[in-house]
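Q: Residue numbers (UniProt numbering), protein chains in the order written: chain A, 1 to 307; chain B, 1 to 307.
Protein chains: 2
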Amino acid sequence: MLAAVSWVSWRTFLAVCRCGSLSAAALELGYTQSAVSRQVAALEREAGVALLHRQARGVEPTAAGIAFLRHATVAVNEADRALRSARSPDPVRRLAIGATPSLATWVAPAAVRRFLAADPGWGWTLVPGLTRDLHARVADGELDVALVTDAPPGLPHDDRVRSIPLGADAMVVVVAADHPLAGRRRIRIEELAEEVWAEDNDGSRALLRRHAARAGVDPKIDLDAADLAGKVALAATGHAVALVPGITLATLRPDVVGIPLVDAPVRGLHALVPIGGDHDGLARFVGILEDLLGEVTTPGDLGGRTR
Amino acid sequence: MLAAVSWVSWRTFLAVCRCGSLSAAALELGYTQSAVSRQVAALEREAGVALLHRQARGVEPTAAGIAFLRHATVAVNEADRALRSARSPDPVRRLAIGATPSLATWVAPAAVRRFLAADPGWGWTLVPGLTRDLHARVADGELDVALVTDAPPGLPHDDRVRSIPLGADAMVVVVAADHPLAGRRRIRIEELAEEVWAEDNDGSRALLRRHAARAGVDPKIDLDAADLAGKVALAATGHAVALVPGITLATLRPDVVGIPLVDAPVRGLHALVPIGGDHDGLARFVGILEDLLGEVTTPGDLGGRTR
DNA sequence: CACAGCCATGCGTTCATGGCATGCTTGCGG
DNA sequence: CCGCAAGCATGCCATGAACGCATGGCTGTG
């Protein structure tokens, strides 16, 4: 019958989920119920899991089915887009950017902003993710570039990916705006020996411990936060002080102050780009990143409040 | 032969582009060269365009092929992800957010920031796009929410999409930081009658004209910029003044100042959400948007420099 | 000018897919 | 308690899609 469209069964599955029953989907798609049944069965065989929960009155996606459905929707739509854009080549050039959470909220948008200022007419997408995930996506050619930190160290190696150092980001101490030390321009870790620290994850905790240990201090890490913003919230309310990436200064809430640390721990920032996947837009974007981070990681600040 | 994995010819095409020749791809995939040739031919038949440029020394994607390749890569990877996440349902909940360019650089990340502060453990993606495109993606269930403006008016209607008003955004005048009027807290359009205006697109130009006409002023729109950032750049260098969405204030460069306009033109801000696609995370995110934009669009500012 | 490398295509075979008819499960109502 | 209706699964058969093999055509090179 029709060869028209591949991944027929994927579309069928979407229709089934939309309709709530195999028969209804069959009617909508012009198949018989049995064909639909088989297509779904084939899909389930391929996934190795039941995607639908069969009931007397139709079907309902299982947990696996729901997870599958979400990605499948994107995949099928993207496939349509692929065919459409082949027929009428999309003049809009597109930059797919990945970034770790701390870089996704400020650095990436700021770089995009500059990039577009010099040459609009580019589309872009921002995908936040963890270093490992982003690395894989760059290797697969799905992302044009990923912004990552090297902490935790040990970027996986892949000869399809090149890592471009973008400079280093010094960690900064964050305290409440009305904290006695808030007016300081620089500070030593020893002066914070009596403070309570908030931390959110083991990597960050280890970084703080290591840095403090060099100064012979054992920091009191007594408050746990769920994430970076949580740490800052604890600092803002005066419950603790926190160590955050300097790169996030510009996005800090107004009721906290960031204070540069003397001899601060630094994390390397890298752009991951696909080898051989170069194009002029990407090169320019990386250049902008280098400039941007050059400005930021040198003594000046970036509009953040360091007082 | 078992169709173990669907998307066969799509995967083949990716391999061909990676290898640079049909034979090499055939070798890599364990097919014969003829099978690969046919698969590509089928794909081209489906697309209706030649995707490869046949040469004596292998093949090379055509313009259409390159456009196709970009989307196909994403589609195939997403399909893999669908299968993987079906096998081990992904505990990470994910929020796919779309936003128009002006809302993508600040509002969306800021809202995400708050969202994650209250409940981390969510993944997210930001897709910038134009209102029409975003609307379609929400209807297709590909996006959980899209942030759009109603100017130009006439959002397409679709009974799979609900529009939630988020408030209004007043346009603001931007002048160089050393401009004589830079210290003003508010300003009337009449006072700017002698200024040169920079504009970047017809919609924005019309908005300015209409607003000025109400005050009996005919603005001198003498400078063309490529986009919003370009307009602001012209303002920063003292060549012109510009009208920008108030929502972008926080992202303005430091060498310009935004001045609220008396009786300013406003554009409605809306969140588009899929009907029936509700979940608690989405509801909470929309709530955050309402709060955030409530704060911003009321007299206070958002950390931007209005002096 | 012959040759090597690479792609397209005709032919025969295999097997995946869809339709048809039937059987099974479940929930509902007499 | 049982028959019935709605809805999914499956055995059987026909069609044709897709693969391998072998061949032919094209192009750049020695």
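Every residue gets a Cβ at the ideal spot worked out from N, C-alpha and C, and that includes glycine.
Starting from the beta carbon of PRO109/B, find every residue of chain A whose beta carbon is closer than 7 Å, and list them in chain order.
A: In chain order: THR105 and PRO109.
Q: Using 8 Å as the Cβ pair cut-off and three pairs as the minimum, do the stretch 162–169 of chain B and the stretch 217–233 of chain B touch?
A: At 8 Å Cβ cutoff, the stretches do not touch.
Q: Beta-carbon within less than 6 Å of SER102/A's beta-carbon, same chain only, minus the 5 sequence neighbours each way: which residues are those?
A: Correct list, in chain order: PRO245 and THR248.
Q: In chain order, what residues of the same chain have a beta carbon less than 7 Å from the beta carbon of ARG205/A, not counting five sequence neighbours either side?
A: Excluding sequence neighbours, ARG205/A sits near GLU199 and ILE221.
Q: Considering only the alpha carbon of each residue, which of ASP80/B, TYR31/B, SER21/B and GLY48/B lies closest to VAL54/B?
A: Strictly speaking, residue 54/B in this sequence is Arg, with Val absent from that position. Comparing Cα-Cα distances from ARG54/B to each of ASP80/B, TYR31/B, SER21/B and GLY48/B, the minimum goes to SER21/B.
Q: Comparing the CB of GLY230/A with every heavy atom of the ligand MN, is any distance shorter than 6 Å?
A: Ligands displayed in this structure: none; no statement on the ligand MN is therefore possible.
Q: In the DSSP assignment, the beta strand (DSSP E) including ARG162/B goes from what residue to what residue?
A: Counting along the chain, the beta strand (DSSP E) containing ARG162/B begins and ends at 161–176.
Q: Anything in the stretch 136–170 of chain B with a Cβ closer than 7 Å to a Cβ of chain A? List those residues in chain order, please.
A: Cβ contacts with chain A: ASP140, GLY141 and GLU142.
Q: List the whole-angstrom C-beta distance separating LEU272/A from VAL148/A, where the pair is believed to meet the contact cut-off of C-beta under 8 Å.
A: The pair is a contact, with the Cβ atoms about 6 Å apart (cut-off 8 Å).
Q: Since I believe ASP169/A is in contact with residue 372/A (beta carbons under 8 Å), could you give me their beta-carbon distance rounded to a whole number of angstroms?
A: No information on residue 372/A is available, as it lies outside the stretch 1 to 307 that chain A covers here.
Q: Between the C-alpha atoms of SER85/B and HIS239/B, what's the straight-line distance to the nearest angstrom?
A: Approximately 54 Å between the Cα atoms of the pair.
Q: For ALA233/B, return the contacting residues in chain A, with the cut-off set at a CB-CB distance below 7 Å.
A: The answer, in chain order, is ALA117.
Q: Report the three-state DSSP secondary structure of GLU60/B (helix, strand or coil).
A: Correct three-state label for GLU60/B: strand.
Q: Kindly list, in the order they appear in chain A, the residues whose Cβ is closer than 8 Å to that of ARG87/B.
A: Those within 8 Å of ARG87/B in chain A are ALA47, GLY48, VAL49 and ALA64.
Q: How is the alpha helix (DSSP H) around PRO101/A delimited, first residue to last?
A: Element bounds for PRO101/A: 101–104.
Q: Check whether chain A comes within 7 Å of ALA72/B, counting only Cβ atoms and requiring the distance to be less than that.
A: Closer than 7 Å to some Cβ of chain A, the Cβ of ALA72/B qualifies, so yes.
Q: Is the Cβ of PHE68/B closer than 7 Å to any Cβ of chain A?
A: Interface residue, yes.
Q: Would a check of beta-carbon distances place ASP202/A closer than 7 Å to chain B?
A: With 7 Å as the cut-off, ASP202/A does not count as an interface residue toward chain B.
Q: Is the beta carbon of LEU51/A less than 7 Å from the beta carbon of GLU44/A?
A: Cβ distance < 7 Å, so LEU51/A and GLU44/A count as in contact.
Q: Measuring straight from C-alpha to C-alpha, what distance separates ALA4/A and GLY98/B?
A: Because ALA4/A sits at a pLDDT of 37, beneath the cut-off of 50, its placement in the model cannot be relied upon, and the following sentence gives the value as read from the coordinates. Taking the straight line joining both Cα atoms gives about 31 Å.
Q: Would you kindly work out how many angstroms separate the C-alpha atoms of GLY281/A and LEU95/A, rounded to a whole number?
A: Computed Cα separation, rounded: 8 Å.
Q: Buried or exposed: where does ALA283/B fall if 16 or more other Cβ atoms within 10 Å of its Cβ makes it buried?
A: When all chains shown are included, ALA283/B counts as exposed.
Q: For ALA250/B and chain A, any beta-carbon pair shorter than 7 Å?
A: Judged by the 7 Å Cβ criterion, ALA250/B is not in contact with chain A.
Q: Could you give the distance in angstroms between the alpha-carbon of ASP133/B and the alpha-carbon of ALA146/B?
A: Using only the alpha carbons, I get a separation of about 10 Å.
Q: Give me the chain B residues within the contact set of THR125/A, using Cβ-Cβ distance strictly less than 8 Å, ordered along the chain.
A: Correct list: THR125, LEU126, VAL127 and PRO128.
Q: Could you pull out every residue in the same chain whose Cβ sits closer than 6 Å to the Cβ of GLY300/B, ignoring the five residues on either side in sequence?
A: Residue placement at GLY300/B cannot be trusted, given a pLDDT of 38 that sits under 50; the coordinates are not used to answer.
Q: Could you pull the start and end residues of the beta strand (DSSP E) that ARG267/B belongs to?
A: Per DSSP, ARG267/B belongs to the beta strand (DSSP E) from 266–274.
Q: Within 7 Å of any Cβ in chain B, is that where the Cβ of TRP197/A sits?
A: False, the Cβ-Cβ gap to chain B never drops below 7 Å.
Q: For GLU78/B, which residues in chain A fall below 7 Å Cβ to Cβ?
A: HIS71, VAL74, ALA75 and GLU78, listed in chain order.
Q: Please identify the residue among ASP202/A, ARG184/A, SER9/A and ASP218/A whose C-alpha is closest to the C-alpha of GLU194/A.
A: The candidate whose alpha carbon is nearest that of GLU194/A is ASP218/A.
Q: Taking the straight line between their C-alpha atoms, what separation do you get for LEU208/A and ASP202/A?
A: Roughly 10 Å separates the two Cα atoms.
Q: Go ahead and pull the three-state DSSP assignment for GLU44/B.
A: The answer is helix: DSSP assigns GLU44/B an H, G or I state.
Q: Please report the distance separating the alpha-carbon of GLY303/A from that of PRO254/B.
A: Since pLDDT at GLY303/A reaches only 37, below the 50 mark, its modelled position is unreliable, and the value read off the structure follows with that caveat. Cα-Cα distance, rounded: 8 Å.
Q: At a Cβ threshold of 7 Å, is TRP7/B touching chain A?
A: Interface residue, yes.
Q: What residues of chain A sit near GLY230/B, judged by a beta carbon separation below 7 Å?
A: Ordered by position in chain A, the residues that pass the 7 Å Cβ test against GLY230/B are ALA117.
Q: Suppose you measure from the CA of LEU23/B to the CA of ASP291/A; what does that come to, to the nearest Å?
A: Note that residue 23/B corresponds to Ser in the displayed sequence, not to Leu. The straight-line gap from Cα to Cα measures roughly 43 Å.
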